[in-house]
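S.K.: Take a look at this one; I'll ask things after.
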Amino acid sequence: MSPSTRAAVTVNGTSYRWPLRPVVVVCIDGGDPRYLQRYLAEGRIPHIARFVREGFAGVADGSMPSFTCPNNMSIITGTPTARHGISGNFYLDTRTWEPVVMTGPELLRGDTILARFAAAGAKVVSITAKDKLRRQLGKGLDVSQGHVSLSSEHAGRCTLAENGIENVLEYVGMAQPDMYSMELSLLVLEAGLKLLADRRPDLLYLSLTDWVQHKWAPEEADALKFYEKLDDAFGRLAAHDITLALTADHGMSDKSNAAGEPNVIWLQDILDARFGAGETTVICPITDAFVGHHGALGGFVRVWSRGRVTARQIIDAIAGIDGIELALDRETAARLFEMPADREGDVAVIAREHHCIGSSARNHDLAGLAGHRLRTHGGLSEAKVPMIFSRPLNDAYKARAAAVPLKSWQIFDYAINGTV
Ligand SMILES: [Zn+2]
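Residue numbering for the sequence shown follows the working numbering, beginning at 146 and increasing consecutively.
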């Protein structure tokens, strides 16, 4: 059957036509629009400049909180956070009062677009930098059927049974990258390119890591070097007669003061001083195993109360702190930012652009910053992301893009249904 006569695939309520050509969606982790704006103006990323000129480019709303896992899950399910349920790396289980890792596939609600297309007979590939994300992105994907799901973190130990591919480093011709390197992201793209050339899958999702953007601002030479390499890879991808769609999971803001020290609000310490130790628990949902580059500090935290302190009292205690943008009760936060109320704290707290929020000073190790200014994300100031397509939008999606705000969780919808 030709692609145009194959049945549409419905995933979580959205209908996707059969892709006319391979659709490759790249999530530039931490890809704040400011990087692209600067390098486009300087003429340093000619392939992306061509997509902007000949295809479509806009700035979209990412999902809140502006963290990696929630946004990758929004993109891959085509739904807001409220629907898929992954609103951070951790939430607090109030039955045990223990933080629960939210990055396992079992907590993801609904199907991924990749898994549904695979079940309908498409060939799909999912490649990401960190293995924790690989497991969620690969939810429901049967790799014994010719699909591929791998992470560059574990590229050296891929197996046919787990990943649908083996000997990845030899196949791609790269060494195993360090967890803190730009090569960890570049391997994702090179593996995607090789699989595109050899197998021409219908859908590819390539998700990078934000180590570069945490470390370097747009004006720093190493950030430019990374984006030039990305641009080169995007040019080679687009040469394969595909629809290429570029977005980001979140942006990135400088959160240090003039002296180069991080502007941190130690919220647990503040709440303990006000209400007593043990009455409230601050959870930083950015925390994961690899936090050397940001010290588990982000622009969004959740506060749970043991019961004696009300949400109102917590909000009042926080409201006047310099650097706080919003402190909202569970229902308001969930409604305003389309987040799942059952995984929300009693209070959600969002920092302003140049501040971040930690729990207790003693719980965060900032040694990994090693003289670098703290750059991180999580708040509203990092929720704007680029949305770029290598092909023009069709009339229906052009009208839609002009009429309603772009949402990054709709990028597969736009790429599959909305491009010519
Ligand atoms: Zn990220």
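Here a beta-carbon is modelled for each residue, glycine too, at the ideal position from N, C-alpha and C.
Just so it is clear, the structure is predicted and the values come from calculations on it, not from any experiment.
Counting C-beta neighbours from all protein chains within 10 Å, is the total for Q290 16 or more, i.e. buried, or is it exposed?
M.R.: Here residue 290 corresponds to residue number 145 of the sequence shown, with the count starting at 1. Q290 is exposed by the Cβ-count criterion.
S.K.: Identify the residues that DSSP records as bridge partners of G203: which are they?
M.R.: Counting from one through the sequence shown, the residue named residue 203 turns up at place 58. G203 is bridged to M532.
S.K.: Please report the straight-line C-alpha distance between N308 and D467, rounded to a whole angstrom.
M.R.: If you number the sequence shown from 1, residue 308 lands on position 163. If you number the sequence shown from 1, residue 467 lands on position 322. Their backbone Cα atoms lie some 47 Å apart in a straight line.
S.K.: Run through DSSP, which three-state label would Y372 get?
M.R.: Position 227 of the sequence shown holds residue 372. In the structure shown, Y372 sits in a helix (DSSP, three-state: H, G or I).
S.K.: Below 9 Å between beta carbons: does that hold for I502 and V446?
M.R.: Counting from 1 along the sequence shown, the entry for residue 502 is found at position 357. Counting from 1 along the sequence shown, the entry for residue 446 is found at position 301. Their beta carbons are under 9 Å apart, which means I502 touches V446 by this criterion.
S.K.: Rounded to the nearest angstrom, what separates G621 and A464 at their Cα positions?
M.R.: Nothing can be reported for residue 621, as the shown portion of the chain is limited to 146 through 565.
S.K.: Can you list, in chain order, the residues of its chain with a C-beta nearer than 6 Å to that of E498? Leave out the 5 residues immediately preceding and following it.
M.R.: Here residue 498 is taken as the residue at index 353 of the sequence shown, counted from 1. If we look at E498 and ignore the five residues flanking it on each side, its Cβ neighbours are S398, S526.
S.K.: Verify the contact flag: F212, CB atom, against every heavy atom of ligand 1, threshold strictly below 8 Å.
M.R.: Stepping through the sequence shown from its first residue, residue 212 is reached at position 67. Result yes, Cβ under 8 Å from ligand 1.
S.K.: For H359, which option in R166, N216, F212, D377 has the closest C-alpha, if you only look at C-alpha atoms?
M.R.: As a position in the sequence shown, residue 359 is number 214, starting the count at 1. Checked all of R166, N216, F212, D377; the closest Cα to H359 is F212.
S.K.: Using the Cβ count rule (16 or more neighbours within 10 Å means buried), how would you classify E406?
M.R.: Here residue 406 corresponds to residue number 261 of the sequence shown, with the count starting at 1. Answer is exposed; the Cβ neighbour count stays below 16.
S.K.: Suppose contacts are defined by Cβ-Cβ distances below 9 Å. Is H522 in contact with D355 by that definition?
M.R.: The residue given as residue 522 occupies position 377 in the sequence shown. The residue given as residue 355 occupies position 210 in the sequence shown. Against a cut-off of 9 Å, the Cβ pair of D355 and H522 comes out as a contact.
S.K.: Is E243 helix, strand or coil by DSSP?
M.R.: For the purposes of this step, residue 243 is taken as the residue at position 98 of the sequence shown. Three-state result, E243: strand.
S.K.: So G503 is in the beta strand (DSSP E); what residue range does that whole segment cover?
M.R.: For this step, residue 503 is matched to residue 358 along the sequence shown. Unbroken beta strand (DSSP E) run through G503: 501-503.
S.K.: Near V246, which residues of its chain fall below 8 Å by C-beta distance, leaving aside the five closest residues on each side in sequence?
M.R.: If you number the sequence shown from 1, residue 246 lands on position 101. Around V246: N234, F235.
S.K.: May I ask you to report which of helix, strand or coil DSSP gives I285?
M.R.: Residue numbering aside, residue 285 sits at position 140 when the sequence shown is read from its first letter. According to the sequence provided, residue 285 is Gly. The question's Ile does not apply to it. Coil at G285, not helix or strand.
S.K.: Throw me the rounded Cβ distance for the V169 and Y161 pair, which I believe falls under 8 Å.
M.R.: Sequence index remark: in the sequence shown, residue 169 carries index 24 (1-based). Sequence index remark: in the sequence shown, residue 161 carries index 16 (1-based). The pair is not a contact, with the Cβ atoms about 15 Å apart (cut-off 8 Å).
S.K.: What separation, rounded to the nearest whole angstrom, lies between the Cα atoms of I387 and A546?
M.R.: Position 242 of the sequence shown, counting from 1, holds the residue named residue 387. Position 401 of the sequence shown, counting from 1, holds the residue named residue 546. About 21 Å.
S.K.: Less than 8 Å between the CB of N234 and some heavy atom of ligand 1, yes or no?
M.R.: Working through the sequence shown from its first residue, we reach residue 234 at position 89. Incorrect: N234 has no Cβ contact closer than 8 Å to ligand 1.
S.K.: Measuring from the CB of T248, is there a heavy atom of ligand 1 at a distance below 8 Å?
M.R.: As a first step, residue 248 is located in the sequence shown; it is residue number 103 there, counting from the start. Not under cutoff, so the answer is no.
S.K.: Counting pairs of Cβ atoms below 8 Å between the segment 508-522 and the segment 179-197, do you hit three or more?
M.R.: Verdict: no, contact absent.
S.K.: Hey, how far is the Cα of S208 from the Cα of I220?
M.R.: As a first step, residue 208 must be located in the sequence shown, where it is residue number 63. As a first step, residue 220 must be located in the sequence shown, where it is residue number 75. Approximately 9 Å between the Cα atoms of the pair.
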